[in-house]
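Under the numbering used here, think of the first position of the sequence shown as 1441, with each following residue one higher. Just so you know, even glycine gets a beta-carbon here, dropped at the ideal spot from N, CA and C.
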Amino acid sequence: MATSERLLILIAKDFGLSKDELLTKSLLEYLKSKKRDCMAEKLELLSRHGVYSASELEESIRADRVTEYPSWEDLIVIENLEEKIKKLDKEIGDIESISGT
């Protein structure tokens, strides 16, 4: 048995969980952590431009209330982060529905 699997079994036992329960809970926490990171990055970019949403940033760019550079690049990053957050939400939801968490 590999060292990592032995460690996983030992930790699961210490917490009164099965190996699968520990893996599921760990994966959920990892995905939620990634989602928090994405949300924090999105918030930082939005606050840099004094707006609350990607659409508001786009409107500010078009109305020349903010400079085009780097605002357009930030908008692209924000939109990509929003897609990543949606994907993470789906993955989290899928795991929770399967595991009954």
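Item                                                                                                                                                             : Value
List the whole-angstrom C-beta distance separating leucine 1515 from glutamate 1498, where the pair is believed to meet the contact cut-off of C-beta under 8 Å. : 6 Å
Taking the alpha-carbon positions, what's the aspartate 1477 to valine 1517 distance?                                                                            : 13 Å
Between the Cα of glutamate 1531 and those of Glu1469, Arg1488, Ser1495, spot the shortest distance and give me the residue it belongs to.                       : Glu1469
Looking at leucine 1528 and leucine 1483, is the spacing between their C-beta atoms short of 7 Å?                                                                : no
DSSP three-state label for lysine 1452, please.                                                                                                                  : Rather than lysine, the amino acid found at residue 1452 in this sequence is alanine. Here alanine 1452 sits in helix by DSSP.
For arginine 1446 and lysine 1453, I'd like the C-alpha separation in whole angstroms.                                                                           : 11 Å
Just the Cα atoms here: how many angstroms apart are leucine 1462 and serine 1539?                                                                               : 11 Å
Find the nearest neighbour of serine 1511 within the set Asp1534, Ser1487, Ala1480, Ile1451, judged by alpha-carbon distance.                                    : Ser1487
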